[in-house]
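Novice: The structure that follows is given in the form of structure tokens.
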Amino acid sequence: DPAGVGYVYLFRQDGALDPAAGQDYVSYQFDSGVLDAGGMPGAGSKQPGDASGGEATITTAYYSHHFAGRWIMDGLYLFAGSLPDQNLIDRFRIQLAPNDCDRTENTFTSGSGYFLANVDGPVRAIRSYFGANSGIYTQRTHLFYDQRQEVVTDLRVHALKGIVDFLDYSPAAIGMRYYNDLNPAGVVIDGVPDDIQPGEIGWELTSGDPGSLVMVYRLASDMPIANRTSYYEDNAAPAGPPCTGDEQVLGASGPYYYPLECTDPARAAVDPRHCAVAYPFQLSRTILYDAPNLSPNDAQARYERVQMPLAVVVGGS
1393 DPAGVGYVYL FRQDGALDPA AGQDYVSYQF DSGVLDAGGM PGAGSKQPGD
1443 ASGGEATITT AYYSHHFAGR WIMDGLYLFA GSLPDQNLID RFRIQLAPND
1493 CDRTENTFTS GSGYFLANVD GPVRAIRSYF GANSGIYTQR THLFYDQRQE
1543 VVTDLRVHAL KGIVDFLDYS PAAIGMRYYN DLNPAGVVID GVPDDIQPGE
1593 IGWELTSGDP GSLVMVYRLA SDMPIANRTS YYEDNAAPAG PPCTGDEQVL
1643 GASGPYYYPL ECTDPARAAV DPRHCAVAYP FQLSRTILYD APNLSPNDAQ
1693 ARYERVQMPL AVVVGGS
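Read the sequence shown against the working numbering and you will find it ends at 1709, with the numbers running on by one and no gaps.
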């Protein structure tokens, strides 16, 4: 109410107060140096704008991730299960289509790019970066919490063949079981090809003695996408080598959308012939790091919680 009276409170502090109250739920070690008190890379580390850098380790009480480069996540350790010292993934991979090696997380990392944020806070760590070959404004942001990660990918690029965004597991994950909301019976990750139902998925679960990963997906886009489906491949001896990572494809799984229209507002402003409309396209993946041997019912319950978070209501007296 512009006619009413309002109040603004300003507080001064001398730096002696620890805003974390003595707690630190996430550790983010960037390149060769831990992030400094301001949350930025310390002395000797690659700076945020250096596309060639990006090696990092994120550790909480429940999990640890390793990045070999800006887009290259190549390590996942789950601490609640039977293999806390074993890396369970080969790669977090991204391509234009399955078995299409023209564009991958490797080419994205080696091309032009920029770190927007590398922040290590007491409650969460933030890793955000731009640049995916010709999609110079394409952005991925990771928000790491103690038992949860949000991965948000914003495409800003010309029309594409498609995008498939998936985890490829390591041999340490053999024996775990993969499920999604279209395949609640699940299949064993064992390097032997399976025939499962494709389609647009709301959640995935990879579960076993090493621990459980629940992944929930949300796509924010008004683009008319002809094919909203999923990808799954489990093959220890594929006909051709995978685009990145090791020589096997183990429980590789994730959402797959194709074809895609232009998503780059900057291109639409100067090249309306090829980009008449720039559609928003934001894919969010929530990863929950959980106890061993969760069931599909457990995954469905977590999916519902993610889709309908607690609402905060402030009322007057």
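Don't be surprised by glycine CBs; every beta carbon is placed ideally from N, CA and C.
#1: Where do the ends of the alpha helix (DSSP H) carrying Ser1502 lie?
#2: Work out the CA separation of Ala1413 and Asp1406 for me, nearest whole Å.
#3: Applying the 10 Å Cβ sphere with the 16-neighbour rule, what's the burial state of Ala1629?
#4: If you follow the alpha helix (DSSP H) that Pro1576 is part of, which residue opens it and which one closes it?
#5: What three-state label does DSSP hand Asp1601 in the structure shown?
#6: Measure how close the beta-carbons of Val1641 and Asn1627 come, nearest whole angstrom, since I'm counting them as under 8 Å.
#7: Grab me the residues of Met1568's own chain with a C-beta within less than 6 Å of its C-beta, minus the 5 sequence neighbours each way, in chain order.
#8: List the whole-angstrom C-beta distance separating Ala1683 from Ala1472, where the pair is believed to meet the contact cut-off of C-beta under 8 Å.
#9: Which residue from Leu1605, Asn1575 and Val1584 puts its Cα closest to that of Gly1591?
#10: Mapping the DSSP letters down to three states, classify Asp1690 as helix, strand or coil.
#11: Would you mind working out which of Gly1632, Gly1643 and Thr1451 sits nearest Asp1587, comparing C-alpha positions?
#12: Specify the secondary structure class of Gln1478 as computed by DSSP and reduced to three states.
#13: Exposed or buried, what is Met1700 when buried is set at 16 or more other beta-carbons lying within 10 Å of its beta-carbon?
Specialist: On the basis of the supplied data:
#1: As a working mapping, residue 1502 is identified with position 110 in the sequence shown. Its alpha helix (DSSP H) spans residues Glu1497 to Ser1502.
#2: Along the sequence shown, read from residue 1 onward, the residue named residue 1406 stands at position 14. Along the sequence shown, read from residue 1 onward, the residue named residue 1413 stands at position 21. The straight-line gap from Cα to Cα measures roughly 16 Å.
#3: Start at 1 with the first residue of the sequence shown, and residue 1629 comes out as number 237. By the neighbour-count rule (16 or more Cβ atoms within 10 Å), Ala1629 is not buried but exposed.
#4: Stepping through the sequence shown from its first residue, residue 1576 is reached at position 184. First-last for Pro1576: Asn1575 to Val1580, but that is the beta strand (DSSP E), not the alpha helix (DSSP H).
#5: Working through the sequence shown from its first residue, we reach residue 1601 at position 209. Coil at Asp1601, not helix or strand.
#6: Here the question's residue 1641 lines up with position 249 in the sequence shown. Here the question's residue 1627 lines up with position 235 in the sequence shown. Contact flag correct, Cβ pair sits at about 5 Å.
#7: Reading the sequence shown from its first residue, position 176 is the one you call residue 1568. Ile1581, Thr1598 and Gly1600, listed in sequence order.
#8: Counting from 1 along the sequence shown, the entry for residue 1683 is found at position 291. Counting from 1 along the sequence shown, the entry for residue 1472 is found at position 80. Right, the Cβ-Cβ distance comes to about 5 Å (below 8 Å), so this counts as a contact.
#9: Taking the sequence shown and counting its residues from 1, one reaches residue 1591 at position 199. Residue Asn1575 is the option with its Cα nearest to Gly1591.
#10: By one-based count along the sequence shown, residue 1690 stands at place 298. Reduced to three states, the DSSP call for Asp1690 is helix.
#11: What you label residue 1587 is simply residue 195 of the sequence shown in a count that begins at 1. Comparing Cα-Cα distances from Asp1587 to each of Gly1632, Gly1643 and Thr1451, the minimum goes to Gly1643.
#12: In the sequence shown, the residue the question calls residue 1478 occupies position 86. In this structure, Gln1478 counts as coil in the three-state DSSP scheme.
#13: Within the sequence shown, numbered from 1, the residue matching residue 1700 stands at position 308. By the neighbour-count rule (16 or more Cβ atoms within 10 Å), Met1700 is not buried but exposed.
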